[in-house]
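Just so it is clear: in the sequence shown, position 468 is 468 by our numbering, and no numbers are missing. We treat Cβ as the ideally placed atom computed from N, Cα and C, and that holds for glycine.
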Amino acid sequence: MTQGRGLLVPGLDPEDWIGYRAEAHAMLDAALDLIEGAGERPVWQPVPPAVKAALATPSPQAGLGLAATCAQLRTQILAYATGNTHPRFFGWVHGTGTPGGVIAEMLAAAMNANVGGRDHGAVYVERQVVGWCRDWFSLPATAGGLLTSGTSMATLIGLAVARNRAIGPDARRIGLTSTHATLTAYASSEAHSSVAKALELLGIGSAALRLVPVDADFAMDAAALADRIDADIAAGRLPFAVIATAGTVNTGGIDPIEAIAALCRQRELWLHVDGAFGAVAVLSEALKPRLAGIEQADSIAFDFHKWLHVPYDAGCLLVRDVGLLHAAFSTRPHYLAGAERGLAAGDPWFCELGPELSRGFRALKVWFTVQEHGTRRLGQLIEQNCRQARYLADQIGCRDGLELMAPVPLNIVCFRYRPEAADAAKLDALNADIVTTLQMRGIAAPSTTRIAGSLAIRVNLTNHRTQFSDLDLLLDQVIAIGKELHA
Ligand SMILES: *Cc1c(COP(=O)(O)O)cnc(C)c1O
Numbered sequence: 001m002t003q004g005r006g007l008l009v010p011g012l013d014p015e016d017w018i019g020y021r022a023e024a025h026a027m028l029d030a031a032l033d034l035i036e037g038a039g040e041r042p043v044w045q046p047v048p049p050a051v052k053a054a055l056a057t058p059s060p061q062a063g064l065g066l067a068a069t070c071a072q073l074r075t076q077i078l079a080y081a082t083g084n085t086h087p088r089f090f091g092w093v094h095g096t097g098t099p100g101g102v103i104a105e106m107l108a109a110a111m112n113a114n115v116g117g118r119d120h121g122a123v124y125v126e127r128q129v130v131g132w133c134r135d136w137f138s139l140p141a142t143a144g145g146l147l148t149s150g151t152s153m154a155t156l157i158g159l160a161v162a163r164n165r166a167i168g169p170d171a172r173r174i175g176l177t178s179t180h181a182t183l184t185a186y187a188s189s190e191a192h193s194s195v196a197k198a199l200e201l202l203g204i205g206s207a208a209l210r211l212v213p214v215d216a217d218f219a220m221d222a223a224a225l226a227d228r229i230d231a232d233i234a235a236g237r238l239p240f241a242v243i244a245t246a247g248t249v250n251t252g253g254i255d256p257i258e259a260i261a262a263l264c265r266q267r268e269l270w271l272h273v274d275g276a277f278g279a280v281a282v283l284s285e286a287l288k289p290r291l292a293g294i295e296q297a298d299s300i301a302f303d304f305h306k307w308l309h310v311p312y313d314a315g316c317l318l319v320r321d322v323g324l325l326h327a328a329f330s331t332r333p334h335y336l337a338g339a340e341r342g343l344a345a346g347d348p349w350f351c352e353l354g355p356e357l358s359r360g361f362r363a364l365k366v367w368f369t370v371q372e373h374g375t376r377r378l379g380q381l382i383e384q385n386c387r388q389a390r391y392l393a394d395q396i397g398c399r400d401g402l403e404l405m406a407p408v409p410l411n412i413v414c415f416r417y418r419p420e421a422a423d424a425a426k427l428d429a430l431n432a433d434i435v436t437t438l439q440m441r442g443i444a445a446p447s448t449t450r451i452a453g454s455l456a457i458r459v460n461l462t463n464h465r466t467q468f469s470d471l472d473l474l475l476d477q478v479i480a481i482g483k484e485l486h487a
């Protein structure tokens, strides 16, 4: 071999592959140790000042080499994770990850596939994943879509299609004009903030989002929605989309999708479902009926990185008529021309279904997770989390000093510690303190939200590692810390 001859600068591959492999294998072990021992560490610990300082230094001109870089990764980064691989991580809506996800991520990096387009294996993997999802939601064969970084991006893309449909065939060229100043969308008062953000980015503005009231189960009041749409039409506005939520972030509420779908059909509105975590409950036979109507959606946004445990980040957008998605994003300049054969074949390219050209091989970790575990097991884990949420709610009902604050329709439990004779402001501060203390001590990581104005300890269960005993421990600690702080 005359490797490197004539090169002033050698490439980035190692000179010593044997040594490199040894270091890489050790890092794979570190990765698996991290997961195998997930429950044995504190759930979370703050990043120490020295580490923050080390992570604020300028870029090195001369590389440190593999061994020193691996050492820094081990000492400065690995220990300070979010904590969502831990069985007692209950905050926000975080997925748990899997060891298989590590394998898939590693191999995706090795392939370094760009799934923006062209004709290669990764494209077929993403198409297969999208096809699976279409089947999960019983969408017709016309449906298609693409993987995204998450539901926020999927909702943005889905609502871009809805906006273009409202503007008409010339939408991409003319954009929003004065004719469209009254475009109006609808979501419940419990909708996620990513919906308003999407409307802001689409030039429609968040003031054009009507927040429809919810019922006692925190699900959209469909009659109120109908009234609001009709009032807006009478006032000369242009309703164009309804965003139904399948699993609200505060309480796990599910909007009445079937009734909303019927309304959307009558009024010719686009129905987008934000099913970030909740939509994949269709994989449970027991829970699927709760999502009835989702099969009528014009678009569905949901995540693999939440309740399907695929490592971050991985979401999906499905559009009932993939032709509309293609029409919204397809553009093939000379440098992206297709071909009948060869690497430039494989129409349509994924870059024609969304705003991004270069796209990583997210589909591999999704494909790997579903292949390895199967939809039945994934669905059973979703059911188990719902059973755990009900168990937690029951325990809260049995224990002195605890108060359940919202119904528990799915996997989220909102409650608080409530000693006698504490006023509203005091209760809010005390419960916020309990959550912070649980986190700071590394015991458990719930988060907080507000229910009817009052601060709640919020426990979200999208965690395949949580045991029932973890929930008992959580309640014991909430009470113990509550007493300690209140004293
Ligand atoms: C998490 C979440 C989102 C945002 O999804 P990302 O994947 O974080 O972008 C939107 N809606 C709901 C209901 C969510 O729970």
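Residue i versus the options, residue with shortest Cα-Cα distance
i, options, result
"W44", "A286, H334, R237 and A81", "A81"
"S193", "G65, A181, L211 and G360", "L211"
"L291", "A246, G91, L28 and A259", "A246"
"A72", "L430, P87, L55 and T85", "Per the sequence shown, the amino acid found at residue 72 is Gln instead of Ala. If we check each option's Cα against that of Q72, L55 comes out closest."
"N164", "W367, L325 and I481", "L325"
"T251", "L485, P409 and Y335", "P409"
"P311", "W367, D16 and P355", "W367"
"D303", "P239, T75 and T96", "T96"
"L381", "V435, R450, I457 and N463", "N463"
"N502", "R228, N112 and V478", "Because the chain is modelled from 1 through 487, residue 502 falls outside the range shown and cannot be assessed."
"V129", "G205, F361, R458 and T448", "F361"
"V102", "G397, E295 and L364", "L364"
"M219", "I243, L183, P49 and G354", "Checking the sequence shown, residue 219 turns out to be Ala, not Met. Selected option, being the one with the closest Cα: I243."
"A127", "A234, L353 and L202", "Reading off the sequence, residue 127 comes out as Arg, not Ala. Minimum Cα distance to R127 is reached at L353."
"G144", "M27, S454 and G131", "G131"
"M440", "P46, D215, G397 and A424", "P46"
"W284", "R332, E200, G374 and L357", "Checking the displayed sequence, the identity of residue 284 turns out to be Ser instead of Trp. Closest option to S284, Cα to Cα, is G374."
Counted within 10 angstroms of its Cβ, other Cβ atoms place residue i as buried (16 or more) or exposed
i, result
"S188", "buried"
"Q388", "buried"
"P483", "Correcting the residue identity first, residue 483 is Lys in this sequence and not Pro. Exposed, because fewer than 16 other Cβ atoms sit within 10 Å of the Cβ of K483."
"Q266", "exposed"
"L107", "exposed"
"K52", "exposed"
"H180", "buried"
"V9", "exposed"
"C133", "buried"
"R450", "exposed"
"D350", "According to the sequence shown, residue 350 is Phe rather than Asp. F350 is buried by the Cβ-count criterion."
"W136", "buried"
"G253", "buried"
"T98", "buried"
"M495", "With the chain covering only 1 through 487, there is no way to say anything about residue 495."
"D255", "buried"
"I174", "exposed"
"M1", "With a pLDDT of 48 at M1, under the threshold of 50, the predicted position of this residue should be treated as unreliable, though the coordinate-derived value follows. It counts as exposed."
"I457", "buried"
Cutoff 8 Å; reference residue i; Cβ partners in own chain excluding five residues on either side
i, result
"T69", "G63"
"L485", "L430, D433, I434 and T437"
"R228", "Y186, R210 and V212"
"F240", "A162, R163, R165, A166, L183, T184, A185, L269 and W270"
"P14", "Y20 and L66"
"P348", "H326 and S330"
"A38", "T85, H86, P87 and R465"
Close-in-space but distant-in-sequence residues of the same chain around residue i (CB under 7 Å, 5 per side omitted)
i, result
"A493", "Any property of residue 493 remains undetermined from this structure, which presents the chain solely from 1 to 487."
"E420", "none"
"L139", "E295, L318 and R320"
"T151", "S194, D274, A276, A301, F302, D303 and G315"
Own chain residues within Cβ distance below 6 Å of residue i, not counting five before or after
i, result
"N460", "F90, V93 and I412"
"A198", "T155, L156 and L159"
"R88", "V43, A444 and D470"
"D298", "W270, L271 and R320"
"A171", "N164"
"G83", "V43, W44, F89 and A445"
"P407", "D217"
"R237", "T182 and T184"
"P49", "none"
"H305", "G95, Y312, D313 and A314"
"D428", "L455"
Test: residue i CB closer than 8 Å to a CB of chain B
i, result
"L202", "The structure shown has no chain B; it contains just one protein chain."
Three CB pairs or more closer than 8 Å across the stretch 259-273 and the stretch 428-446: By the Cβ criterion, the stretch 259-273 is not in contact with the stretch 428-446, since fewer than three pairs of Cβ atoms, one from each stretch, lie closer than 8 Å.
For the 8 Å Cβ check, are there 3 or more pairs between the stretch 110-123 and the stretch 272-290? Contact fails: fewer than three Cβ-Cβ distances are below 8 Å.
Sufficient close CB pairs (3 or more, under 8 Å) joining the stretch 368-379 to the stretch 298-318: Touching, per the Cβ criterion.
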